[in-house]
Amino acid sequence: MKRIGITGHRIIPPEGHAHIRAGLLAAFRLGEEGLEAYSSLAIGADQLFADIALECGAALTAVIPSEDYENGFAAGELDSLRHYRRRAAREVRLGFRHSTDEAYYAAGAYIADNCDRLLAVWDGGPSRGLGGTADIVHYARDLGKPVTVIWQDGLRRP
C-alpha cells in the first residue's frame, strides 16, 4: 500500500480552491490502487485532501494531535471534523493532552514519518507558529521524502 500525507494551510483563498483541488486530485490519480491517506483533518487543506482521498477510494488515516483537538473547531467546523473522523479507516491519537504547537508539530511529523510522499498546500512562506506547513515541509525534506507543493501562482493567503 502506498502512503500519501498532507500538510497545508487552514485558510485557502476562495479564488485558489479549484486550482488546489485539481492539484490534489491529480496527485491521487497518479497513485496506484490501495492508497492510504494521512491527514490531521484540520479545516482547509487537510479536509480538502481527506475529501479527495475518500472520493478516490483511498483508506483515510486520521492523525489526531491531542485529546482536546475538537475544542479548536467552531460549530460548523466541528461537524465537518467529525464527519471525516467517522469515515476514517483508522485513527492515530498522539499522546498530547492539549492542542499546542508541539502537538501540531508532532502530528505533522508523524504524517511525514509514515508517508511515502507528502503533498503540501503551501504558499512557500514561513510557518505562523511551530508545526505550520513550512516546518513540516522542511522536516519531510530533511527525511528525504518527496514533497509535492500545490499552490496557485500569485495567490496570497490572508
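Position 123, counted from 1, in the sequence shown is what full-length UniProt numbering calls 123; the numbers after and before it change by one each time, with no gaps.
Ideal Cβ placement from N, Cα and C applies to all residues, glycine included.
On a predicted model such as this, the values are computed, not experimentally measured, just so you know.
Interface flag, residue i vs chain E, CB-CB below 8 Å
i           : result
residue 153 : Looking for chain E here will not work: only one protein chain is present.
Within 8 Å, strictly: CB atoms of residue i and residue j
i           : j           : result
residue 168 : residue 48  : Only positions 1 to 158 of the chain appear in this structure, which leaves residue 168 out of reach.
residue 160 : residue 23  : It is not possible to answer for residue 160, since the shown part of the chain is limited to 1 through 158.
residue 5   : residue 107 : no
residue 77  : residue 43  : yes
Candidates the options: closest to residue i by CA position
i           : options       : result
residue 155 : 77, 127, 9    : 9
residue 71  : 100, 122, 38  : 100
residue 63  : 56, 41, 45    : 41
residue 152 : 146, 122, 144 : 122
Supposed close pair residue i, residue j - CB separation, criterion 8 Å
i           : j           : result
residue 139 : residue 120 : With a Cβ gap of about 11 Å, residue 139 and residue 120 do not count as contacting.
residue 127 : residue 135 : 5 Å
* To do: Would you be able to state if there are at least three C-beta pairs under 8 Å between the stretch 86-97 and the stretch 119-133?
  => no
* Asked: Which ranges does the alpha helix (DSSP H) cover as unbroken runs of at least 4 residues, wholly within the stretch 27-91, from first to last along the chain?
  -> Taking 4 residues as the minimum length, the alpha helix (DSSP H) runs contained wholly in the stretch 27-91 are 45-55, 75-87, in order along the chain.
* To do: Would you mind listing the alpha helix (DSSP H) stretches within the stretch 84-128 that are 4+ residues and don't spill past its ends, in chain order?
  => Fully enclosed alpha helix (DSSP H) runs of 4 or longer: 101-114.
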